[in-house]
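Student: Before I ask anything, here is the structure I am working with.
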Amino acid sequence: MTVEMEMTLSPIMFIPFMPEQASNFAQEIDLLYFFLIALTFFFSVAIGVAIFYFAIKYRRRREDEIPEPIEGALKLEVAWTVIPLLISMVIFAWGAKLYFQMYQPPKEALEIFVTGKQWMWRVQHPDGQREINQLHLPLGRRIKLTMTSEDVIHSYYIPAFRTKADVIPGRYSMIWFEPIKVGTFHLFCAEYCGTNHSKMGGDVVVMEPADYQAWLGGGTREESPTAAGGKLFSSLACITCHMDENRGRGPTLAGVFGSQVTLDNGTTITADEAYVRESILTPTVKVVKGYTPIMPSFQGQVSEEQILQLISYIKSIGGKREESSAGSQATSPQQQPPPKPAGERQEQ
């Protein structure tokens with residue numbers, strides 16, 4: 004955001020019906036919003052004045068008056084077609100730019116897991132710290148929220164950040180932002196989710212980095228999602244099939260996350276959060292080329308929160324790998340040894 008834009012928006016910040024601007028996206032989203040309001044106001048007034056003017060100028064003055072025929076005006080018709088088109092394209096390009104910025108999280112963002120459930124928000128930080136209906140964040144740090152629901156559709160909405168995303172069962176929603184103001188900001192569920200929907204709220208607490216580190220160090224800390232995922236990986240016996248260097252009945256999971264996986268039908272797919280989740284719950288839907296569909300389903304055996312832990316573990320055991328041209332989904336084995344979570348089915 005440029006200095007000139009900030010100066011332009013400074014009066015807007017004091018309008019009482021607007022939430023605070025507490026994230027890196029807030030100012031530009033407000034600017035687009037007020038541009039649309041100004042545009043609507045301008046054309047509403049212009050059209051109203053034109054209607055009033057023409058109603059008087061071309062009123063019927065005598066009962067026997069017959070208006071002269073008008074054959075049309077090509078220039079006028081082109082103008083009222085091209086000008087709205089150009090305005091629409093400006094709005095589209097501006098909105099699309101903001102959309103892609105907001106839904107393409109940077110790689111260095113701090114990932115925090117959020118699970119929605121009637122009627123609460125459960126949050127887990129990378130080091131294991133957990134919260135319910137609160138979200139503590141460090142100032143000036145890019146944050147990525149990976150969210151899912153255990154029951155019905157919810158919507159995670161932080162008005163001061165101008166961020167809102169539907170949280171849907173069976174899917175992962177991701178948003179990112181950078182807090183730019185210290186303070187406590189309201190958090191809401193913006194999708195009707197049952198009788199206590201109105202109570203499904205909380206607070207986002209933005210703290211100075213030093214205060215945030217002190218908060219992380221205090222209270223009861225549980226295992227990090229990665230550590231908990233590693234234990235789940237072993238307790239669910241995933242390690243018996245997903246071994247290093249493809250020595251097991253299933254493909255190795257080291258380095259698989261983010262890579263291209265070749266399936267038994269010849270198609271390729273990116274091993275992202277949705278793919279890993281599907282592989283855990285319905286492992287026979289997408290089977291990795293070169294492997295048989297022998298992995299059992301873990302539907303009903305693991306919660307959404309545990310799936311997120313398994314995904315975090317899989318991410319931790321390797322970066323991207325190049326896909327094997329030979330077709331066996333396991334390509335160049337990675338240096339990182341840990342086997343893979345149930346996320347990548349043993350059958351894959």
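Just so you know, this note's numbering puts 69 at position 66 of the sequence shown, and the rest follows in order with no gaps. We treat Cβ as the ideally placed atom computed from N, Cα and C, and that holds for glycine. The structure presented is a predicted model; accordingly, all values stated were derived computationally and were not measured.
1) Going by the beta-carbon positions, is the gap between Lys-184 and Ala-29 smaller than 7 Å?
2) Roughly how many angstroms separate the alpha carbons of Ala-230 and Gln-312, rounded to a whole number?
3) Using alpha carbons as the reference points, say which of Glu-194, Gln-216 and Arg-62 lies closest to Tyr-159.
4) Tell me whether Tyr-278 is buried or exposed, calling it buried when 16 or more other Cβ atoms sit within 10 Å of its Cβ.
5) Pull up the CB-CB distance for Pro-129 and Leu-113, whole angstroms please, since I reckon it's below 8 Å.
6) In three-state terms, what does DSSP make of Ile-314?
7) Of the residues Cys-196, Met-298, Gln-137 and His-139, which one's Cα is nearest the Cα of Ser-152?
8) Relative to the alpha-carbon of Ser-300, which residue among Gln-216, Thr-287 and Asn-199 has its alpha-carbon at the smallest distance?
9) Taking the alpha helix (DSSP H) that Glu-80 falls in, what are its first and last residues?
10) Thinking just about the alpha-carbon of each residue, which of Val-207, Val-52, Cys-192 and Trp-124 is nearest to the one in Glu-181?
11) Taking DSSP as the reference, what is the three-state secondary structure of Pro-172?
12) Quick one: Cα of Asp-247 to Cα of Phe-116, how far?
13) Return the residue from the list His-200, Phe-20, Met-150 and Val-264 that minimises the CA-CA distance to Gln-121.
14) Could you tell me how far apart the beta carbons of Cys-192 and Met-203 are, in whole angstroms, since I believe they sit closer than 8 Å?
15) Tell me which residues share the same chain as Glu-23 and place their Cβ nearer than 6 Å to its Cβ, disregarding the 5 neighbours each side in the sequence.
16) Could you pull the DSSP bridge partners for Leu-140 from this structure?
17) Starting from Gly-51, trace the beta strand (DSSP E) in both directions and tell me its first and last residue.
18) If you check the beta carbons only, do Asn-249 and Thr-243 fall under 7 Å apart?
19) Specify the secondary structure class of Lys-184 as computed by DSSP and reduced to three states.
20) Rounded to the nearest angstrom, what separates Gln-309 and Thr-84 at their Cα positions?
21) From Trp-179 to Gln-107, what does the alpha carbon distance come to, in whole angstroms?
22) Thinking C-beta only, is Thr-265 closer than 7 Å to Thr-271?
23) For the alpha helix (DSSP H) containing Tyr-278, name the first residue and the last one.
24) Just to check my reading of the structure: Tyr-294 and Gly-253 have Cβ atoms closer than 8 Å, yes? What is that Cβ distance to the nearest angstrom?
25) Rounded to whole angstroms, what's the CA-CA distance from Gly-251 to Ile-317? Just pull it up for me.
26) Buried or exposed: which applies to Phe-20, given that a residue is buried once 16 or more other Cβ atoms fall within 10 Å of its Cβ?
27) Over the uninterrupted beta strand (DSSP E) stretch that includes Phe-116, give me the two end residues.
28) Are there 16 or more other CB atoms within 10 angstroms of the CB of Gly-233, so buried, or fewer, so exposed?
29) Could you tell me which of Pro-228, Ile-54, Val-155 and Gln-137 sits nearest to Ile-161, measuring between CA atoms?
30) In terms of alpha-carbon separation, which member of Lys-78, Tyr-61, Arg-144 and Ser-91 lies closest to Pro-72?
Tutor: Taking the coordinates as given:
1) Here residue 184 refers to the residue found at position 181 when the sequence shown is read from its first residue. Here residue 29 refers to the residue found at position 26 when the sequence shown is read from its first residue. Cβ distance not < 7 Å, so Lys-184 and Ala-29 don't count as in contact.
2) Numbered from 1 along the sequence shown, position 227 holds the residue referred to as residue 230. Numbered from 1 along the sequence shown, position 309 holds the residue referred to as residue 312. Approximately 8 Å between the Cα atoms of the pair.
3) If you number the sequence shown from 1, residue 159 lands on position 156. Selected option, being the one with the closest Cα: Glu-194.
4) Residue 278 sits at position 275 when you count from the first residue of the sequence shown. Answer is buried; the Cβ neighbour count reaches 16.
5) By one-based count along the sequence shown, residue 129 stands at place 126. By one-based count along the sequence shown, residue 113 stands at place 110. About 7 Å; that satisfies the 8 Å criterion.
6) Position 311 of the sequence shown, counted from the first residue, corresponds to residue 314. Three-state DSSP puts Ile-314 in a helix.
7) Counted from its first residue, the sequence shown places residue 152 at position 149. Closest option to Ser-152, Cα to Cα, is Cys-196.
8) Position 297 of the sequence shown, counted from the start, is the residue given in the question as residue 300. Among Gln-216, Thr-287 and Asn-199, the Cα nearest to that of Ser-300 is on Thr-287.
9) If you number the sequence shown from 1, residue 80 lands on position 77. Here the alpha helix (DSSP H) through Glu-80 covers 77-105.
10) The sequence position of residue 181 within the sequence shown is 178, counting from 1. Closest by alpha carbon: Val-207.
11) On the sequence shown, position 169 is the one that residue 172 refers to. In the structure shown, Pro-172 sits in a strand (DSSP, three-state: E or B).
12) By 1-based counting over the sequence shown, the position of residue 247 is 244. By 1-based counting over the sequence shown, the position of residue 116 is 113. Asp-247 and Phe-116: Cα-Cα distance of roughly 28 Å.
13) Counted from its first residue, the sequence shown places residue 121 at position 118. Answer by Cα proximity: His-200.
14) The residue labelled residue 192 in the question sits at position 189 within the sequence shown. The residue labelled residue 203 in the question sits at position 200 within the sequence shown. Indeed, because the Cβ distance is near 4 Å, the residues count as touching under 8 Å.
15) Position 20 of the sequence shown holds residue 23. Counting only Cβ-Cβ distances below 6 Å, and skipping sequence neighbours, we find Ala-163.
16) Residue 140 sits at position 137 when you count from the first residue of the sequence shown. For Leu-140, which the question treats as bridged, DSSP gives the partners Val-209.
17) Position 48 of the sequence shown, counted from the first residue, corresponds to residue 51. That residue, Gly-51, is in no beta strand (DSSP E); its alpha helix (DSSP H) goes 29-60.
18) For this step, residue 249 is matched to residue 246 along the sequence shown. For this step, residue 243 is matched to residue 240 along the sequence shown. No, Cβ-Cβ distance for Asn-249 and Thr-243 is not below 7 Å.
19) For the purposes of this step, residue 184 is taken as residue 181 along the sequence shown, with counting starting at 1. Note: Lys-184 maps to coil in three-state DSSP.
20) Working through the sequence shown from its first residue, we reach residue 309 at position 306. Working through the sequence shown from its first residue, we reach residue 84 at position 81. Looking at the two C-alpha atoms, the distance is approximately 55 Å.
21) Along the sequence shown, one-based indexing puts residue 179 at 176. Along the sequence shown, one-based indexing puts residue 107 at 104. Looking at the two C-alpha atoms, the distance is approximately 8 Å.
22) Position 268 of the sequence shown, counting from 1, holds the residue named residue 271. Position 262 of the sequence shown, counting from 1, holds the residue named residue 265. Yes, these two residues count as a Cβ contact at 7 Å.
23) Taking the first residue of the sequence shown as position 1, residue 278 is located at position 275. Residues 276-284.
24) Counting from one through the sequence shown, the residue named residue 294 turns up at place 291. Counting from one through the sequence shown, the residue named residue 253 turns up at place 250. Yes, Tyr-294 and Gly-253 are in contact; Cβ-Cβ is about 6 Å, under 8 Å.
25) Translated into positions along the sequence shown, residue 251 becomes position 248. Translated into positions along the sequence shown, residue 317 becomes position 314. So the two alpha carbons sit approximately 17 Å from each other.
26) Mapped onto the sequence shown, residue 20 falls at position 17. Exposed, by the Cβ-count rule.
27) Here residue 116 is taken as the residue at index 113 of the sequence shown, counted from 1. Note, Phe-116: beta strand (DSSP E), 113-120.
28) Looking up residue 233 in the sequence shown gives position 230. The residue is buried, with at least 16 neighbouring Cβ atoms inside 10 Å.
29) Within the sequence shown, the letter at position 158 stands for residue 161. Among Pro-228, Ile-54, Val-155 and Gln-137, the Cα nearest to that of Ile-161 belongs to Gln-137.
30) Your numbering for residue 72 matches position 69 in the sequence shown. Among Lys-78, Tyr-61, Arg-144 and Ser-91, the Cα nearest to that of Pro-72 belongs to Tyr-61.
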